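By this note's numbering, the letter at position 61 of the sequence shown is numbered 222, and the numbering carries on one by one without gaps. I have placed the structure first, in the form of structure tokens, so that the comments after it can refer back to it.
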Amino acid sequence: MIKYAEEIQDFEKIDGQDGLYIIQTYKNEIIQGYPDGEFKADNNATRAEASTIIVRLLDKIKNRQVQQSVSGSGGN
162 MIKYAEEIQD
172 FEKIDGQDGL
182 YIIQTYKNEI
192 IQGYPDGEFK
202 ADNNATRAEA
212 STIIVRLLDK
222 IKNRQVQQSV
232 SGSGGN
């Protein structure tokens with residue numbers, strides 16, 4: 162987790178528990194932050210940013226379901 166916190170330029174500005182959520186979603190490639198390495202956690206997400214997060218999350222869920230389906234098929 163420390164590795165990811167070091168990659169986030171403004172991590173020290175992020176409130177306690179929020180930092181853990183940001184690291185988890187960053188680690189799972191659901192959020193990426195801004196090009197300057199900051200997350201600007203105090204800013205509201207735009208519609209485009211929220212849409213991107215939702216699409217990435219749905220893709221992760223879909224991929225997990227496909228993997229479970231394939232591994233559960235017994236190779237048939």
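Just so it is clear, CB atoms sit at the ideal spot from N, CA and C, and this is done for glycine as well. Bear in mind the structure is a predicted one, so any value in this text is a computation, not a measurement.
Fewer than three Cβ pairs drawn from the region 200-209 and the region 217-224 lie within less than 8 Å of each other, which leaves the two stretches out of contact. The beta-carbon distance between Q170 and G198, rounded to whole angstroms, is 4 Å. This is short enough to meet the 8 Å contact definition. I184 places its beta carbon 8 Å or farther from that of R217. In the three-state reduction of the DSSP assignment, N224 falls in the helix class, which pools H, G and I. Of P196, Y195, F200, the smallest CA-CA separation from G180 is found for F200. Taking all protein chains in view, the Cβ of I175 is crowded by 16 or more other Cβ atoms within 10 Å, so the residue is classified as buried. One Cα belongs to G233, the other to E173, and the distance between them is close to 43 Å.
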